[in-house]
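Protein chains in written order, with the working numbering: chain E, 27 to 255; chain X, 20 to 179. Backbone N, C-alpha and C define an ideal beta-carbon position, used for all residues, glycine too. For clarity, every value in this text was computed on a predicted model and none was experimentally measured. Since the structure comes first, as structure tokens, the remarks are kept for the end.
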Amino acid sequence: MDDTSPGERTRRRAIFEWLDERAGLTTIWKSVFARAVPETNWFYTLGSASTVLALLQVVTGMLLTIYYVPSPDHAYESIQFIMNDVAFGWLIRGVHHWGATLMVVVVFLHMLKAFFVGAYKWPRELTWITGALLLLVVMLLGFSGYLLPWNQKAYWATAVGTSIIGAVPIIGPTLMEIARGGSQIGAITLIRFYGLHIWWMPIALLGLIGVHMYLIIRIGITHPPERSE
Amino acid sequence: MGHGDDIGRRKFLAGIIGVVAGAVTAVVGLPAIAYIISPGVKNPNEDEWITLGPISSLEPGVPTGFPYSRSIQDGWVESTQTGVAYAVTHDGQTVTVFSNQCTHLSCRVTWKQDMNGFFCPCHDGLFDIDGEVVAGPPPRPLDEFESKIENGQIMILLEA
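What follows is the structure in structure tokens.
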């Protein structure tokens, strides 16, 4: 930085000020990143960790759609192709696979932290509710993504998972058939799980993360409860 | 206020966040570039020499069609490429092998003894025994395979 000439520095400053005046960069920086927070501990980083994992899942997932085919006659082979023939395909899929598991763990720990410090109380009930919805979305993402490799484990896990829906009294069997798109797990199940996995749930996830964060920025975060409280 | 330490600590932490974020981006971002371009620069198929049949089976001046096939790898999809190659000899020693694809619109040509040429039924294209255009719309002579004779067998090169 110091090796730049004063003229160059003035020019950069001018460009920044031009942008700042129009886009309000300083305001965004102050309200999102430089906002005042109480004294906290490391458990308060679990929310950021969840966000980073979510973004990582979005990026690696988008990369996987470049080769993956959600059809019974190509799903398994296209994943074999990603793993064995595409450069770093094993890495991209590995990050997505383990990132998914890690995401469920981190999101759950994040929820536990919010519970134990009482962060669900007034005025943060909405943050808690959107968080609960986010947990549900993450679970559905995990469940729908599990079928996509179309191997034995995927198939039978989905068979068990969708059978559970069938246990609902009276309307259960109908609900199960709606979930599967038929009485058996097949091509229709695969494509609807795929649609759920790459469109509906990710958009719900990003939307809810937006609301969740807006509320956090608007209200601020709690501090860990103290003995006197 | 004696905040010299605070600013140092703040800068240090911001630096760590920057390094970690940069590392995550690099670990996923750089392989992603290779991930996207790799099938584009890597052809799973190789040049392949295919045996058609013995040169002794050829009658000089009469083209003989040999069917051939090989498997083609297209990503995770395997398909079979089939075709007919016409081998022609004038002296029983050297051969010229023509593709049976018409150079006009890739219909299949066949050797017609009565017309003394390779005839394409789609638009009445006609090629002579050396593949030259005699009549019809074909813009250039029949394509030739690179060929060789090994142990009396005619072989052609199918390119990747």
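Test: residue i CB closer than 8 Å to a CB of chain E
i, result
"glycine 37 of chain X", "no"
"alanine 179 of chain X", "no"
"alanine 53 of chain X", "yes"
"serine 98 of chain X", "no"
"tryptophan 130 of chain X", "no"
"serine 57 of chain X", "yes"
"alanine 116 of chain X", "Position check: residue 116 of chain X holds valine in this sequence, whereas alanine was assumed. Closer than 8 Å: no."
"proline 50 of chain X", "yes"
"valine 107 of chain X", "no"
"valine 103 of chain X", "no"
"serine 166 of chain X", "no"
"tryptophan 95 of chain X", "yes"
"methionine 20 of chain X", "The predicted position of methionine 20 of chain X is uncertain, since its pLDDT is 45 and thus under 50; a value taken from the coordinates is nonetheless stated next. For methionine 20 of chain X, the answer is no, since every Cβ of chain E falls outside 8 Å of its Cβ."
Element boundaries [alpha helix (DSSP H), containing residue i]
i, result
"lysine 147 of chain E", "From DSSP, lysine 147 of chain E is part of no alpha helix (DSSP H); its letter is neither H nor E."
"proline 343 of chain E", "Examination of residue 343 of chain E is not possible in this model, given that chain E is present from 27 through 255 alone."
"isoleucine 54 of chain E", "51-54"
"phenylalanine 107 of chain E", "101-110"
"glycine 171 of chain E", "151-173"
"serine 76 of chain E", "72-90"
Closest by C-alpha distance to residue i, when choosing among the options
i, options, result
"glutamate 163 of chain X", "X:Gln172, X:Gly150, X:Ala154 and X:Met174", "X:Gly150"
"tryptophan 148 of chain E", "E:Ile245, E:Glu252 and E:His136", "E:Ile245"
"proline 98 of chain E", "E:His238, E:Pro175 and E:Ile190", "E:Pro175"
"valine 143 of chain E", "E:Gly33, E:Thr66, E:Tyr240 and E:Ser31", "E:Thr66"
"leucine 117 of chain E", "X:Val39, X:Ala40 and X:Tyr54", "X:Tyr54"
"valine 85 of chain E", "E:Pro96, E:Ala180, E:Val121 and E:Arg218", "E:Val121"
"isoleucine 92 of chain E", "E:Ser104, E:Gln83 and E:Thr156", "E:Ser104"
"histidine 238 of chain E", "E:Ile155, E:Thr215 and E:Ile197", "E:Ile155"
"valine 114 of chain X", "X:Gly27, X:Ala42 and X:Glu169", "X:Glu169"
"tyrosine 101 of chain X", "X:Tyr87, X:Gly111 and X:His109", "The displayed chain sequence assigns threonine, not tyrosine, to residue 101 of chain X. For the residues X:Tyr87, X:Gly111 and X:His109, the minimum Cα distance to threonine 101 of chain X belongs to X:Tyr87."
"isoleucine 224 of chain E", "E:Met137, E:Gly208, E:Lys139 and E:Val164", "E:Val164"
"valine 128 of chain X", "X:Cys139, X:Asp143 and X:Ile91", "X:Cys139"
"serine 170 of chain E", "E:Asn177, E:Leu216 and E:Arg37", "E:Leu216"
"methionine 130 of chain E", "E:Leu161, E:Leu138, E:Ile229 and E:Phe141", "What sits at residue 130 of chain E in the sequence shown is valine, not methionine. Of E:Leu161, E:Leu138, E:Ile229 and E:Phe141, the residue nearest in Cα terms is E:Leu161."
"leucine 82 of chain E", "X:Gly48, X:Ile175, X:Lys61 and X:Glu65", "X:Gly48"
Integer-rounded CB distance, given that residue j should sit under 8 Å from residue i
i, j, result
"alanine 106 of chain X", "phenylalanine 85 of chain X", "6 Å"
"threonine 83 of chain X", "serine 76 of chain X", "7 Å"
"isoleucine 211 of chain E", "tyrosine 240 of chain E", "Not really, about 39 Å apart at Cβ, beyond 8 Å."
"alanine 104 of chain X", "leucine 71 of chain X", "6 Å"
"phenylalanine 323 of chain E", "leucine 173 of chain E", "No answer is possible for residue 323 of chain E: the residues shown for chain E start at 27 and end at 255."
"glutamine 178 of chain E", "tryptophan 95 of chain X", "19 Å between Cβ atoms; not a contact."
Segment limits, beta strand (DSSP E) that includes residue i
i, result
"phenylalanine 85 of chain X", "83-93"
"alanine 104 of chain X", "96-108"
"glutamine 172 of chain X", "172-177"
"valine 116 of chain X", "114-118"
"tryptophan 68 of chain X", "67-73"
"glycine 144 of chain X", "144-146"
"valine 152 of chain X", "152-154"
Below-8 Å beta-carbon distance, residue i vs any chain X residue
i, result
"phenylalanine 42 of chain E", "no"
"isoleucine 197 of chain E", "no"
"isoleucine 92 of chain E", "yes"
"alanine 113 of chain E", "yes"
Practice prompt. Check distances from the C-beta atoms of the region 78-90 of chain E to those of chain X and list, in chain order, the residues that come in under 8 Å.
Written response: Val78, Leu82, Val85, Thr86 and Leu89
Discussion item. So if I threshold CB-CB distances at 7 Å, which residues from the region 78-93 of chain X count as touching chain E?
Written reply: none
Practice prompt. Could you please tell me which residues of the region 116-130 of chain E, in chain order, have their CB closer than 7 Å to any CB of chain X?
Written response: Leu117, Ile118 and Val121
Worksheet item: Closer than 9 Å, Cβ to any Cβ of chain X: which residues of the region 207-228 of chain E, in chain order?
Response: none
Practice prompt. Identify each residue in the region 97-111 of chain E for which the Cβ-Cβ distance to at least one residue of chain X is less than 8 Å, and report them in chain order.
Written response: Across the region 97-111 of chain E, CB contacts with chain X closer than 8 Å involve His100, Glu103, Ser104, Gln106, Phe107 and Asp111, in sequence order along the chain.
Fill in: Contact list for the region 131-153 of chain E against chain X, Cβ threshold 7 Å
none
Practice prompt. Anything in the region 138-162 of chain X with a Cβ closer than 8 Å to a Cβ of chain E? List those residues in chain order, please.
Written response: none
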